[in-house]
Amino acid sequence: MVFTSPSWCQDILMPIPNNELVGEFVMRRGHGLNDVSEDSPSSVCAYTGKSYSIRDIRHNVKSLSKSLSQILGWDFNHGNPEDKVVAVCSLNSIDYVPLTWAIHRLGGICLLLHPTSSASELETLMRKANCKAVFTCKPLMAQCQAAFTAINGDPSNIFLVELPLPEEQPVKISNTTISQLIADGEGLPDLQPLDLQDFDSKERLAYFCPTSGTSGFLKIAKVSHANVMANILQCTTMDSYTTASQTDVTLGILPLSHAYGLLVQHFVTFRGDCIILHPKFDMQIALKSVQQYRIVRLYLVPTIIGALATNPILFKLFDLSSVKRVITGSASLPEQVSKAINQLCPEWEINPGYGLTESFVCMSWTSPNSQYPGSTGCLLPLVEARLLDADGSDITAHGQAGDLLVRSPSVMKEYLDDDLKRDVTFDSDGWLRTGDVATFKQNPKGDSHLFIVDRKKDIMKVKGIQVPPVEIEGHLVAHPAVDDAAVVAISDEDAGERPFAFVVRSQKVMTDIDEKSLKKDISGYIQSTLSEPYWLRQNIRFIDAIPKSHNGKALKFKLKQQLVTSSA
Numbered sequence: 001m002v003f004t005s006p007s008w009c010q011d012i013l014m015p016i017p018n019n020e021l022v023g024e025f026v027m028r029r030g031h032g033l034n035d036v037s038e039d040s041p042s043s044v045c046a047y048t049g050k051s052y053s054i055r056d057i058r059h060n061v062k063s064l065s066k067s068l069s070q071i072l073g074w075d076f077n078h079g080n081p082e083d084k085v086v087a088v089c090s091l092n093s094i095d096y097v098p099l100t101w102a103i104h105r106l107g108g109i110c111l112l113l114h115p116t117s118s119a120s121e122l123e124t125l126m127r128k129a130n131c132k133a134v135f136t137c138k139p140l141m142a143q144c145q146a147a148f149t150a151i152n153g154d155p156s157n158i159f160l161v162e163l164p165l166p167e168e169q170p171v172k173i174s175n176t177t178i179s180q181l182i183a184d185g186e187g188l189p190d191l192q193p194l195d196l197q198d199f200d201s202k203e204r205l206a207y208f209c210p211t212s213g214t215s216g217f218l219k220i221a222k223v224s225h226a227n228v229m230a231n232i233l234q235c236t237t238m239d240s241y242t243t244a245s246q247t248d249v250t251l252g253i254l255p256l257s258h259a260y261g262l263l264v265q266h267f268v269t270f271r272g273d274c275i276i277l278h279p280k281f282d283m284q285i286a287l288k289s290v291q292q293y294r295i296v297r298l299y300l301v302p303t304i305i306g307a308l309a310t311n312p313i314l315f316k317l318f319d320l321s322s323v324k325r326v327i328t329g330s331a332s333l334p335e336q337v338s339k340a341i342n343q344l345c346p347e348w349e350i351n352p353g354y355g356l357t358e359s360f361v362c363m364s365w366t367s368p369n370s371q372y373p374g375s376t377g378c379l380l381p382l383v384e385a386r387l388l389d390a391d392g393s394d395i396t397a398h399g400q401a402g403d404l405l406v407r408s409p410s411v412m413k414e415y416l417d418d419d420l421k422r423d424v425t426f427d428s429d430g431w432l433r434t435g436d437v438a439t440f441k442q443n444p445k446g447d448s449h450l451f452i453v454d455r456k457k458d459i460m461k462v463k464g465i466q467v468p469p470v471e472i473e474g475h476l477v478a479h480p481a482v483d484d485a486a487v488v489a490i491s492d493e494d495a496g497e498r499p500f501a502f503v504v505r506s507q508k509v510m511t512d513i514d515e516k517s518l519k520k521d522i523s524g525y526i527q528s529t530l531s532e533p534y535w536l537r538q539n540i541r542f543i544d545a546i547p548k549s550h551n552g553k554a555l556k557f558k559l560k561q562q563l564v565t566s567s568a
């Protein structure tokens, strides 16, 4: 059975362009999907108040591309795109995404590198992608220089992204800045017009996006211009059923180096929204900007929503009355956290979604037009999904869980890695294997909603019963003395496997209780709320923090390594 979007949202609002760069598409106006002036603020730096309109962005993209063409010797109409790869490793900046569009104007591809990556990870990814230039910021300059030098990169091709952050120990860096490149480009002659006659948006790559690496193995998704434009239109279409042409002020705290954050920046710019962009996440600074700019939409991850839910004092310190919608993705939103935030802010619409880097990005999204508590919403238009049971047969009914496969015009072409064959990632008909176990349920309106059970590799079998760790984790974080938790499987002679919980203690609640007593209390709480296969017994360990990927997913392979190390 093939699951699709609801009947009221079957097609996108306009065709996906066949021969257009994604940046040109996002900056284009007059398509009827928004009527915002080209001079209205499009992106604002939360720290300095500096803003860019679409007119400013278009000017900067043009000037940047001229400067880089002169320095690198590249132009759009000549050369192989995979020989024109530029790494961007920086904290957020209002210049970040326009920079990537300038590189696209030269026929190049942007490799997005996360700021928390180690020098060895940066080197591996730069080498794999055959990087020819790097844009980075001062805090990350040293490791980027080391990585680029290790792959024999030209040091003069390392450029600086300026940030509005104070420096503890100011360091003078002579690398050419984006501001200098823009200024220099203003005096250069225009580049040759883009020859798009044989250009195919589906084939031409825009981004190399490393995946989250929750298994410890980083892969690079090859994302085309059409992939990004497709998802922009899919999200815009789903969103249009409740917002029409209304534009909003949005919060930008997601890292632009991650597919979720990158999509949000493209989507809100296309919609005509104004995004208040933060270089990095700081809860109090973020909430202060919500108050200052009267932000309407928050794009968050579950860990941030959880922190808000457990710190109600924040709602007294800051005026958050402007907020209407909270969109969350990247990981599952525990039901207990959702209930807690709803009690604090009943006027907020919490809209969970589901997506993957490989599907760039969003596959389902909760629309105010169709709700189902606990779901990740309905499939977006042009998204198809299948569920397979244990023997590989298609599931043909609602309410039955199986391996989730998806197909969409936004799904990546393939991985960059030579050792990852396409048939491992896709089936013979082009369906992407997500690695997630899911189910579909119908709400009272008859709309099919997607529920993510857990990662397939994380689900354990206790006495033959499948136990998704996410269910235990959801109950753990509802305990007042638990700030965060992650559950992994351990071997058990009698049951086959048992759950083992890593728990981060609250620094505010039950702090006077010793560890042994608190473990007993938490274990008893789980026994009172879940059935026997889910019980933890003594399998609880307190740690300072759950190791997580840059997009907030628990790195459970690292937790399992801790168990192996401690038992050795």
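Numbering-wise (full-length UniProt numbering), the sequence shown opens with residue 1 and increments by one.
Cβ atoms here follow ideal geometry from the backbone N, Cα and C, with glycine treated the same way.
{"Item": "Can you tell me where the beta strand (DSSP E) holding Cys131 begins and where it ends?", "Value": "Cys131 to Thr136"}
{"Item": "Would you give the residue range spanned by the alpha helix (DSSP H) that Cys144 belongs to?", "Value": "Met141 to Ala150"}
{"Item": "Under a Cβ-count criterion, where at least 16 other Cβ atoms within 10 Å of its own Cβ denotes burial, should Ser118 be classed as buried or exposed?", "Value": "exposed"}
{"Item": "Under 8 angstroms, Cβ to Cβ, is there at least one residue of chain D near Tyr534?", "Value": "Of the chains in the structure shown, none is chain D; there is only one protein chain."}
{"Item": "Please state whether DSSP places His31 in a helix, a strand or coil.", "Value": "coil"}
{"Item": "If you drop the 5 nearest sequence neighbours on each side, which residues of the same chain put their C-beta closer than 7 angstroms to that of Asn34?", "Value": "Ser245, Thr247, Arg271 and Gly272"}
{"Item": "Inspect the beta-carbon positions of Leu251 and Ile285 and report whether they are closer than 8 angstroms.", "Value": "no"}
{"Item": "Using the C-alpha atoms, what's the distance from Pro155 back to Ala146?", "Value": "10 angstroms"}
{"Item": "Within the same chain, show all residues whose beta-carbon is closer than 6 angstroms to that of Ala230, passing over the 5 residues directly before and after it, in chain order.", "Value": "Ile16, Pro409 and Ser410"}
{"Item": "Write down every uninterrupted run of the beta strand (DSSP E) in the segment 189 to 248 whose length is 3 residues or greater and which is fully enclosed by it, in chain order.", "Value": "205 to 210 and 220 to 224"}
{"Item": "In angstroms, rounded to a whole number, what distance separates the CA positions of Leu91 and Gln343?", "Value": "34 angstroms"}
{"Item": "To the nearest angstrom, report how far apart Thr357 and Asp512 are at their CA atoms.", "Value": "43 angstroms"}
{"Item": "Which runs of the beta strand (DSSP E) at least 3 residues long sit entirely within the UniProt region \"SBD1\" (282 to 352)? Give them in chain order.", "Value": "297 to 300 and 325 to 328"}
{"Item": "Should Trp365 and Leu380 be called a contact, given that it needs their Cβ atoms to be closer than 8 angstroms?", "Value": "yes"}
{"Item": "In the DSSP assignment, find the alpha helix (DSSP H) that holds Glu186 and state where it starts and stops.", "Value": "Ile178 to Glu186"}
{"Item": "So Val470 packs on Asp484, CB below 8 angstroms; how close in whole Å?", "Value": "The Cβ separation is near 13 angstroms, so there is no contact."}
{"Item": "Tell me whether the beta-carbon of Leu536 lies closer than 8 angstroms to the beta-carbon of Ile526.", "Value": "yes"}
{"Item": "Could you check what DSSP says for Arg505 in three-state terms: helix, strand or coil?", "Value": "strand"}
{"Item": "If you reduce the DSSP assignment to three classes, tell me which class Gly399 lands in.", "Value": "coil"}
{"Item": "Is the beta carbon of Ser370 sitting closer than 8 angstroms to the one on Cys378?", "Value": "yes"}
{"Item": "Give every residue of the same chain whose Cβ lies closer than 6 angstroms to the Cβ of Asp56, excluding the five residues on either side of it in the sequence, and list them in chain order.", "Value": "none"}
{"Item": "So, under 8 angstroms CB-CB, Ile305 and Val326 are touching, yes? Tell me the CB distance rounded to an integer number of Å.", "Value": "7 angstroms"}
{"Item": "Can you list, in chain order, the stretches of the beta strand (DSSP E) that have 3 or more residues and sit fully within the segment 72 to 138?", "Value": "85 to 89, 109 to 113 and 131 to 136"}
{"Item": "Out of His449, Cys274, Lys463 and Gly496, point me to the one whose CA is closest to Val36's CA.", "Value": "Cys274"}
{"Item": "Given that a residue counts as buried once 16 or more other Cβ atoms are within 10 Å of its Cβ, and exposed if not, what is Pro279?", "Value": "buried"}
{"Item": "What does a CB cutoff of less than 8 angstroms around Asn539 pick up in its chain, not counting 5 residues either side in sequence?", "Value": "Ile490, Arg498, Pro499, Phe500 and Ala501"}
{"Item": "Would you list the residues sitting across from Ile490 in a DSSP beta bridge?", "Value": "Arg498"}
{"Item": "Between Leu113 and Cys89, which are expected to be in contact by the criterion C-beta below 8 angstroms, what is the C-beta distance as a whole number of angstroms?", "Value": "4 angstroms"}
{"Item": "Which same chain residues, not among the five before or five after Pro98, have their C-beta less than 6 angstroms away from its C-beta?", "Value": "Ile57, Asn60 and Val61"}
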